[in-house]
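*Asks:* So for the sequence shown, the working numbering puts the first residue at 801; every next one is plus one. For each residue, glycine too, the CB sits at the ideal point set by N, CA and C. Following this message is one structure expressed as structure tokens.
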Amino acid sequence: MADRNERAWWRQAVVYQIYPRSFADASGDGVGDLAGITSRVDYLAALGVDAVWLSPFYPSALADGGYDVDDYRDVDPLLGTLADFDAMLAALHGAGIKLIVDIVPNHSSDRHRWFVEALASPPGSPARDRYLFRDGRGPDGAEPPSDWQSQFGGPAWTRVPDGQWYLHLYAPEQPDLNWANPEVHADFLATLKFWADRGVDGFRIDVAHGLAKDLTEPLPPQAELASLPPGLNPLRDRDEVHQIYAEWRALLDTYDPPRATVAEAWVPPERRVRYASASSLGQAFNFDLLKAPFRATDFRTIVTDNLALAAQAESSSTWVLSNHDVVRHASRYGLPEEFTEGTQWLLHNGSDPVCDRELGLRRALAATMLILALPGSTYLYQGEELGLQEVADLAPEVLQDPVFLRSAGARKGRDGCRVPLPWKRNGSSFGFGDDGSHLPQPDWFGDWSVAAETGEPGSPLERYRTALAVRRKRQGAEELVWIPSDDPQVLHFARQGGWESVTNFGDGPIAMPPGRVLAASADLPDDGSLPAATTVWLDTSG
801 MADRNERAWW
811 RQAVVYQIYP
821 RSFADASGDG
831 VGDLAGITSR
841 VDYLAALGVD
851 AVWLSPFYPS
861 ALADGGYDVD
871 DYRDVDPLLG
881 TLADFDAMLA
891 ALHGAGIKLI
901 VDIVPNHSSD
911 RHRWFVEALA
921 SPPGSPARDR
931 YLFRDGRGPD
941 GAEPPSDWQS
951 QFGGPAWTRV
961 PDGQWYLHLY
971 APEQPDLNWA
981 NPEVHADFLA
991 TLKFWADRGV
1001 DGFRIDVAHG
1011 LAKDLTEPLP
1021 PQAELASLPP
1031 GLNPLRDRDE
1041 VHQIYAEWRA
1051 LLDTYDPPRA
1061 TVAEAWVPPE
1071 RRVRYASASS
1081 LGQAFNFDLL
1091 KAPFRATDFR
1101 TIVTDNLALA
1111 AQAESSSTWV
1121 LSNHDVVRHA
1131 SRYGLPEEFT
1141 EGTQWLLHNG
1151 SDPVCDRELG
1161 LRRALAATML
1171 ILALPGSTYL
1181 YQGEELGLQE
1191 VADLAPEVLQ
1201 DPVFLRSAGA
1211 RKGRDGCRVP
1221 LPWKRNGSSF
1231 GFGDDGSHLP
1241 QPDWFGDWSV
1251 AAETGEPGSP
1261 LERYRTALAV
1271 RRKRQGAEEL
1281 VWIPSDDPQV
1291 LHFARQGGWE
1301 SVTNFGDGPI
1311 AMPPGRVLAA
1321 SADLPDDGSL
1331 PAATTVWLDT
1341 SG
């Protein structure tokens, strides 16, 4: 049986998210693939990550970047084969890196064999019961069952030729599954077993809060959904969703070590506790920092609250600053502060507003070093270790995100953080592949490539490598001790083993606390001060 540390490897892991179509292209067709990932395992090992989270790699029409899944137990031919998957997994494991794969259980694609069968079957048939079909309103059923809106814009209902409507909380190509149907339960248990038997170490659960639904009529109007009490919204965060995850946990605990799961659950912090409990998924993403400005008070409140919630769930927190759905934090922190609050943090649109790129990168490196010093697991998004900014000026004709397409261009969407990575200083795709990339890369990418930054003192890549190496040696108990400061712009805490993290959120330098410097997010002056927007780790063991 695996030892305790191996069974709980995920609690303080550094996990690197790979968006496979934009990581590395081995086939030269402009789209990243599994063989490309395999070819870069040495890079991941040198970076110092503990695990990879692989975004969807399944067969897909790419109506939503691969989150419209045709077949949950295969590989998209553009990305490779199951044999390529096995080779990638073996290479990762050979380098001591775990693998978490994305599971998309709220909806399938409209090309999934079940949905094809549903469209070919009559209303009321078992095939349609796997999804959420309903009759329309009005004398001829020409009005949708409700006025609900999809997350990507436009109605959440689409009518089929025989007159019925199906629910899709995202794109029309992503019909929602009916989790009241036992066949759906059984099929996803089979999917989890398929990948776990192949050696996958864990699963990231997409839209984990959305599976259980109650479409008992009358359906509430869109305007009332947000005001419904917790657990009573018909579409999200219902209590019965945890019955589904209890089934999953029972299966995944039969493996040695148990397979890990982490919930993508956009719910209030106090509701995340259930998803992170041992009887449910065991861990849940903490997205609070994605919406917080670069401000000491916000960071301290979020850290304190989430460590308490993790302790309540007997889990560990997750710390996230960027992912495939949001503006890269090196750009976000260079935007006006009001832009980072509320909902606009998804919508950076080129030169409006103007981004202070130098300030954004400096703050991003400071924030990253702060979260890497915290107890819990840290999720990094591919390219952030290079200091990549959002590619926010992509032309409308190249955009692929349904957020842009279904909002008639009113919302820029997420393509700007999904542009393929630069590996070399030049070439048709800066080393991403041999023949271009599926989203255009800007001219400035070469200066921010892996080749340009490797071995370059002070580059973002080398600062990440140093920080991850120190973290691996110093990580201890899942607790911290806040150290008081007279300056409200300073966050200072100690970790077990005689090391401390100090972040200066202010606009000017402060006196450096005593200790030997282990790592810093920026160059430190000789006068013993800690510059603005800088984090330093200190050895205080004496």
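Could you please give the first and the last residue of the uninterrupted beta strand (DSSP E) stretch that includes A847?
*Replies:* In the sequence under discussion, the amino acid at residue 847 is Leu, which differs from the Ala named in the question. Here L847 belongs to no beta strand (DSSP E); instead the alpha helix (DSSP H) covers V841 to L847.
*Asks:* Please tell me whether R1074 and S1080 are closer than 8 Å, where the distance is taken between their beta carbons.
*Replies:* yes
*Asks:* Whether or not the region 1263 to 1281 and the region 1312 to 1323 are in contact is what I'm after, with contact meaning three or more pairs of Cβ atoms, one per stretch, closer than 8 Å; do they touch?
*Replies:* yes
*Asks:* Taking the continuous alpha helix (DSSP H) assigned at V1103, which residues delimit it?
*Replies:* A1096 to A1113
*Asks:* Go ahead and label W1244 buried or exposed: buried means 16 or more other beta carbons lie within 10 angstroms of its beta carbon, across all protein chains shown.
*Replies:* exposed
*Asks:* Would you check if the distance between the CB atom of R1100 and the CB atom of G1134 is smaller than 8 Å?
*Replies:* no
*Asks:* Could you tell me if E1185 is buried or exposed, where buried requires 16 or more neighbouring beta carbons within 10 angstroms of its beta carbon?
*Replies:* With 16 or more other Cβ atoms within 10 Å, it is buried.
*Asks:* If you drop the 5 nearest sequence neighbours on each side, which residues of the same chain put their C-beta closer than 7 Å to that of T838?
*Replies:* Correct list, in chain order: A887, M888 and A891.
*Asks:* Between D884 and S855, what straight-line distance do the alpha-carbon atoms span, to the nearest angstrom?
*Replies:* 16 Å
*Asks:* At what residues does the alpha helix (DSSP H) containing E1162 begin and finish?
*Replies:* A small fix is needed here, since residue 1162 is Arg in this sequence, not Glu. Element bounds for R1162: R1157 to L1172.
*Asks:* Put W1145 into one of helix, strand or coil per three-state DSSP.
*Replies:* Residue placement at W1145 is flagged as unreliable, the pLDDT there being 49, under the threshold of 50; the coordinate-derived value follows with that caveat. Correct three-state label for W1145: helix.
*Asks:* If contacts are defined as beta-carbon pairs under 8 Å, then I1171 and W1119 qualify, I think. What distance do you get, rounded to the angstrom?
*Replies:* 4 Å
*Asks:* If we count Cβ pairs, one from each stretch, closer than 8 Å, do we get three or more for the region 865 to 884 versus the region 822 to 834?
*Replies:* yes
*Asks:* Using CA coordinates, which residue listed in E1064, E983, P1093 and R1095 is at the minimum distance from S1117?
*Replies:* E1064
*Asks:* Could you round the C-beta distance between A956 and Q949 to whole angstroms and report it? I think they count as a contact, below 8 Å.
*Replies:* 6 Å
*Asks:* Whose CA, out of R1049, P1093, Y1055 and T1097, lies closest to the CA of Q1083?
*Replies:* R1049
*Asks:* What whole-angstrom Cβ distance do L1019 and P1034 have, given they're in contact under 8 Å?
*Replies:* That belief holds up - the Cβ atoms of L1019 and P1034 are roughly 7 Å apart, short of 8 Å.
*Asks:* Identify, in the order they occur along the chain, each residue of the same chain with its Cβ nearer than 7 Å to the Cβ of R1162, setting aside the five sequence neighbours on each side.
*Replies:* A1322 and A1333
*Asks:* Can you tell me where the alpha helix (DSSP H) holding K1212 begins and where it ends?
*Replies:* According to the DSSP assignment, K1212 belongs to no alpha helix (DSSP H), since it is labelled neither H nor E.
*Asks:* Out of curiosity, what's the CA-to-CA distance linking R1004 and I900?
*Replies:* 6 Å
*Asks:* Within 8 Å, do at least three Cβ pairs link the region 1040 to 1047 to the region 971 to 990?
*Replies:* A contact exists between the region 971 to 990 and the region 1040 to 1047.
*Asks:* Within the continuous beta strand (DSSP E) that includes S1177, where are the two ends?
*Replies:* Its beta strand (DSSP E) spans residues S1177 to Y1181.
*Asks:* I need the boundaries of the alpha helix (DSSP H) containing Y1264, first residue and last residue.
*Replies:* Boundaries of the alpha helix (DSSP H) around Y1264: P1260 to R1274.
*Asks:* Between which two residues does the alpha helix (DSSP H) carrying W914 extend?
*Replies:* R913 to A920
*Asks:* Mind reading off the beta-carbon distance from Q812 to P1175? Whole number of angstroms is fine, and I expect it under 8 Å.
*Replies:* 7 Å
*Asks:* Let me know if D997 comes out buried or exposed under the rule of 16 or more other beta-carbons within 10 Å of its beta-carbon.
*Replies:* exposed
*Asks:* Mark Y819 as exposed unless 16 or more other C-beta atoms lie within 10 angstroms of its C-beta, in which case mark it buried.
*Replies:* buried
*Asks:* Round the Cβ separation of V1096 and V1281 to the nearest angstrom and send it over; I've been treating them as touching at under 8 Å.
*Replies:* According to the sequence provided, residue 1096 is Ala. The question's Val does not apply to it. With 8 Å as the limit, A1096 and V1281 do not qualify as a contact, their Cβ atoms being about 17 Å apart.
*Asks:* Do S909 and A863 have their C-beta atoms closer together than 8 Å?
*Replies:* yes
*Asks:* From P1029 to K1091, what does the alpha carbon distance come to, in whole angstroms?
*Replies:* Those two C-alpha atoms are separated by around 23 Å.
*Asks:* Residues in the same chain with beta-carbon distance under 7 Å from P1242, minus the five sequence neighbours each way, listed in chain order, please.
*Replies:* Contacts found: V1191.
*Asks:* Please identify the residue among G1031, V1126, L967 and F915 whose C-alpha is closest to the C-alpha of F933.
*Replies:* L967
*Asks:* Which residues mark the beginning and the end of the beta strand (DSSP E) in which R1206 is found?
*Replies:* Counting along the chain, R1206 falls outside any beta strand (DSSP E), though it belongs to the alpha helix (DSSP H) covering P1202 to R1206.
*Asks:* Who pairs with L1330 in a beta bridge, going by DSSP?
*Replies:* I1310
*Asks:* For G840, which residues in the same chain have their Cβ closer than 6 Å to its Cβ, ignoring the five residues on either side in sequence?
*Replies:* It should be noted that the sequence gives Arg, not Gly, for residue 840. These residues qualify, in order along the chain: A824.
*Asks:* Kindly indicate the opening and closing residues of the beta strand (DSSP E) around Y816.
*Replies:* V814 to I818
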